[in-house]
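The next block holds one structure in the form of structure tokens; read it before the comments.
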Amino acid sequence: MSSSTIQVTDSSDLSSQSTSRLVLQMARRDIATLFRTPWIIISRSLAFIIQLFVFAYLISGLVVKFPGFFPYYAVGSVVSVVASISFIIGYDIFEEAEEGLLDYLLTLPIPRREFIIGRALGGAVRAMIYTIPMFAIVAVLENFSNPLSLIAAVLDLFLLAFGVTGLSITVAVSVRSANRFDVVLALLELAVSRASTALYPLAFMPSYVAALAPFSPVTFAADSTRAALSGSSLDILGLAGLLGFVAIFLGLGATFYFRRLEGGVYA
Amino acid sequence: MFQGNTALIGFDKAGKRFGTLDAVKEFSMTIQDEEILGLLGPNGAGKTTLMLMMGTVYRPTSGKISVNGLDVVQHPNDVRKMIGIAFQDPRVDGILGAFDVLNWHLKMTTNLDKGEREDRVEKVLRAVDLWEAKNKRTWLMSGGMRKKVEDCKVLAQRPKIAVFDEPTAFLDVPSRLLMWKMIRELRDEGSTVIVATNMMDEAERLSDRVAIVNLGKLVAIDTPEQLKGKTKGGEVLELTVGNGQEFPRECLTQFSEVQDVKQENNKVTVYLSGGRLLLPKIVETLTNRGVKIDSVHLKEVTLEDVFLNYTGHRLE
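Quick mapping for you: the protein sequence lines, in order, are chains B and H.
For the first sequence, the residue numbers in our numbering are 328 to 594.
For the second sequence, the residue numbers in our numbering are 14 to 329.
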């Protein structure tokens, strides 16, 4: 290093730096973490195959009241996996805050709003990449071949992922105790996934679960995805629910982020 | 070199409160363009909080901070574009190697194209002797290597305002000297550099000016020479006396050459002039008063003495 070779960065040069490029860089950072541990994708895909071909086949044979349970369960488990993986971004952010890495990220010249969008986007795309192999298995198995239906289903899954990352980020920046955070996020994940129509229809649920399930974002996504893949109709209600879910929790996540982090809560 | 021309950063009665603790209180100071300012203070003095407020990570709870005329609360995005911070504890993705850490940092902080970026990363890593280990995951690196990677983020970024928090902690002597040289080069190229440190020699040898910070407050600010020159007497006599003895302070203040006497446990610091001539008289007087003297050390004023003089305690 010598003064003759490198010049100090002029901050006016950075004003032309596109914000969308920075958002994508933030997102790519989160996506890249998935590919640093590819064995996780492989092992989870294998676990999914075993779950589908052993558990789901076995159970669908036992379920006499619901003859089409296997395809119902297969699509629903993909939706559940998307939700589950999308929650991980909250753990990442909480860990970064504890380790101080978040302080570093907050010194970077990216506006806070774009920072949140980048993180949520990265978490959502990561969940989609993770789930695509499982989705492909189900599509081949159930012969879902209509491109428009497949695109609509992927859109539903992406909206769910985007909303859940927003929810997860909101929790990560709202709860300060590590133990409380783990419990809250685990319970929330359990609630939105299990109290939903992802793995079993509303009609077969206990009344106390059936009362909550219609409001779960996973229900919106599961119903909407099934409707898209069956090619029957567009599930407007499910889609609207998902959009509302994304808007609320991404907005809430951003608001909490501004209030908490700018105030130096993690100091 | 530092010309001391225009003010670039201003702290105007800035304060930061965490719960009931005032980490920084009524802090006012200006930092000149293209100077190296050493922030000298013990751990917990508020140095990091000051820098993170300036870097828009923490919001001041009182007062104002401006960077190049921009209020950090009103214009955080513009301020962040000018600043690069190397943290005390390395803040790097442990799973990444040094090359990827720096490359991603430059993607976020500069407009360099791929070739320029990679070229700059290579230059910096070669300069600090980390090129061979460029792909080694940082969590597998030693503390010193990780610290170098952290410093290299700012050295590669070349920001207008470069902040280094304890830049040579964990580094061996040759690496410390190299890091100081690289920080000086950064200043010579046009950066304003702030170095937070609790090491006297680092503050003294690296800084154009030194700000002494204690308990969240600015105690003194000037060039190291001026700070030492302002210290009473210009010489320091350090005495170690017997444990548990009450020290007869008035024995020494009777001499007109003695400016001040401070005692911490069994360590007595005497600020004086003409120490060589006075020393035998002091020893004789104290011995006659029954004071057991274990050691005597006469020296010129150092920044450590300045710190002790202003704060009443040593920087340890």
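Note that beta-carbon positions come from the ideal geometry of N, C-alpha and C, so glycine has one too.
8 Å Cβ cutoff, residue i in contact with chain B
i              : result
I98 (chain H)  : yes
I1 (chain H)   : Limits of chain H in this structure are 14 at one end and 329 at the other, which puts residue 1 (chain H) out of reach.
R93 (chain H)  : yes
L184 (chain H) : no
N322 (chain H) : no
L65 (chain H)  : yes
Helix, strand or coil at residue i [DSSP, three-state]
i              : result
I75 (chain H)  : According to the sequence provided, residue 75 (chain H) is Ser. The question's Ile does not apply to it. Strand, per DSSP.
G97 (chain H)  : strand
K230 (chain H) : strand
G325 (chain H) : coil
L34 (chain H)  : strand
M42 (chain H)  : strand
E198 (chain H) : helix
R222 (chain H) : strand
S155 (chain H) : coil
V408 (chain B) : helix
E248 (chain H) : strand
Q87 (chain H)  : coil
E238 (chain H) : helix
V536 (chain B) : helix
Proximity test, Cβ basis, 8 Å: residue i and chain H
i              : result
G395 (chain B) : no
G427 (chain B) : yes
P365 (chain B) : no
R356 (chain B) : yes
L361 (chain B) : no
L484 (chain B) : no
L349 (chain B) : yes
Q352 (chain B) : yes
Integer-rounded CB distance, given that residue j should sit under 8 Å from residue i
i              : j              : result
F177 (chain H) : V141 (chain H) : Not a contact, Cβ separation roughly 14 Å.
V573 (chain B) : I444 (chain B) : With a Cβ gap of about 11 Å, V573 (chain B) and I444 (chain B) do not count as contacting.
S551 (chain B) : L566 (chain B) : 6 Å
T458 (chain B) : V405 (chain B) : 6 Å
G82 (chain H)  : A27 (chain H)  : Actually they are not in contact, since the Cβ atoms of G82 (chain H) and A27 (chain H) sit about 16 Å apart, beyond 8 Å.
N227 (chain H) : N56 (chain H)  : That belief does not hold up - the Cβ atoms of N227 (chain H) and N56 (chain H) are roughly 11 Å apart, past 8 Å.
A224 (chain H) : M42 (chain H)  : 6 Å
Contacts that residue i makes with chain H (C-beta to C-beta distance below 7 Å)
i              : result
Y431 (chain B) : F100 and R104
Interface partners of residue i on chain B, CB under 7 Å
i             : result
Q68 (chain H) : The identity of residue 68 (chain H) in the sequence shown is Gly, whereas the question assumes Gln. Here the neighbours are T434.
N90 (chain H) : P436 and P438
Per-residue contacts from residue i into chain B (C-beta, under 9 Å)
i             : result
L21 (chain H) : The premise fails here: L21 (chain H) is roughly 12 Å from chain B at the closest Cβ pair, so nothing lies under 9 Å.
>> Any C-beta of chain D within less than 7 Å: which residues of the segment 116-149 of chain H qualify?
In response: Looking at the structure shown, chain D is missing, and the protein chains on hand are B and H.
> Using a beta-carbon distance cut-off of less than 9 Å, what residues from the segment 213-236 of chain H approach chain B?
Replying inline: none
> Can you list, in chain order, the residues of the segment 548-570 of chain B whose Cβ is nearer than 7 Å to any Cβ on chain H?
Replying inline: none
>> At a CB distance below 7 Å, what residues from the segment 446-458 of chain B approach chain H? Give them in sequence order.
In response: none
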